[in-house]
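Step one of this worksheet: look at the structure below.
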Amino acid sequence: MTSSHAAKDKFYEDLHALLATVLNEDKLIVLGDFNARVGTDHAAWQGVLGTHGLGSCNDNGLLLLRACAEHRLLLTNTFFRLPMWEEATSMHPRSRRWQLLNYVLVRRRDRQDVLVTKAIRDADGWTDHRLVISQMRLRLQPRRRPQ
Numbered sequence: 003m004t005s006s007h008a009a010k011d012k013f014y015e016d017l018h019a020l021l022a023t024v025l026n027e028d029k030l031i032v033l034g035d036f037n038a039r040v041g042t043d044h045a046a047w048q049g050v051l052g053t054h055g056l057g058s059c060n061d062n063g064l065l066l067l068r069a070c071a072e073h074r075l076l077l078t079n080t081f082f083r084l085p086m087w088e089e090a091t092s093m094h095p096r097s098r099r100w101q102l103l104n105y106v107l108v109r110r111r112d113r114q115d116v117l118v119t120k121a122i123r124d125a126d127g128w129t130d131h132r133l134v135i136s137q138m139r140l141r142l143q144p145r146r147r148p149q
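Heads up, the sequence shown is in this note's numbering, so the first residue is 3 and it goes up one at a time.
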């Protein structure tokens, strides 16, 4: 196992452990540059991957899809029909093809709270990735304090 494989395994091990600590009734929003291409096979990943994925799936994409399936999360970026410049988050340096690598994840039951998730072109920053924004309508319930 190479060090990059070990680092990926450790990352997903830590992610699984962290997600397991979040109470089921809590809202959960995960944002990240997963360096994962999840592809377009929404039939195989029903409830996780929407009909507007991009490109092909890579090993990191498979790891992310499995983690989402296990924790009942969905990739909000793939549920909205958008122009390419609002869907893709990065351009591959050699192929010059746009790809989707950065994601906003929510619980499946909270899908209706997400109004849109998209990449924006003109955000300032020292990165080759586009900023991803997600507009949501959150209905939060105050927690009751134990008496």
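Glycine included, every Cβ here is placed at the ideal spot set by N, Cα and C.
Grouping DSSP H, G and I as helix and E and B as strand, with all else coil, what is H94?
-> Assignment of H94 by DSSP, reduced to helix, strand and coil, places it in the coil class.
Mark N26 as exposed unless 16 or more other C-beta atoms lie within 10 angstroms of its C-beta, in which case mark it buried.
-> exposed
How is the beta strand (DSSP E) around N104 delimited, first residue to last?
-> N104 to R109
Does the Cβ-Cβ distance between A69 and L102 come in under 8 Å?
-> no
Helix or strand or just coil, what does DSSP make of M3?
-> Because the pLDDT at M3 is just 48, under 50, the model does not fix this residue reliably, and the point stays unresolved.
Short Cβ contact (8 Å threshold) for L75 with L107 = Yes, the Cβ-Cβ distance between L75 and L107 is below 8 Å.
State the start and end residues of the unbroken beta strand (DSSP E) segment that holds D35.
-> D35 -> beta strand (DSSP E) spans I31 to D35.
Mind checking whether L84 and K120 have CB atoms under 8 Å apart?
-> Yes, these two residues count as a Cβ contact at 8 Å.
Nonlocal neighbours in the same chain, by C-beta distance under 6 Å from G55, ignoring five residues either side | V40, G41, T42 and T80
Distance between P148 and Q114 (C-alpha atoms, nearest Å) = 30 Å
Would you grab the beta carbon distance between Y105 and F36 for me? Rounded to a whole angstrom, and I think it's under 8 Å.
-> Yes, Y105 and F36 are in contact; Cβ-Cβ is about 6 Å, under 8 Å.
Taking only runs that begin and end inside the segment 28 to 80, name each unbroken alpha helix (DSSP H) of 4 or more residues, in chain order.
-> 61 to 72
Less than 8 Å separating the beta-carbons of G52 and R110?
-> no
Straight-line gap, M138 to A19 (C-alpha atoms, nearest Å) = 26 Å
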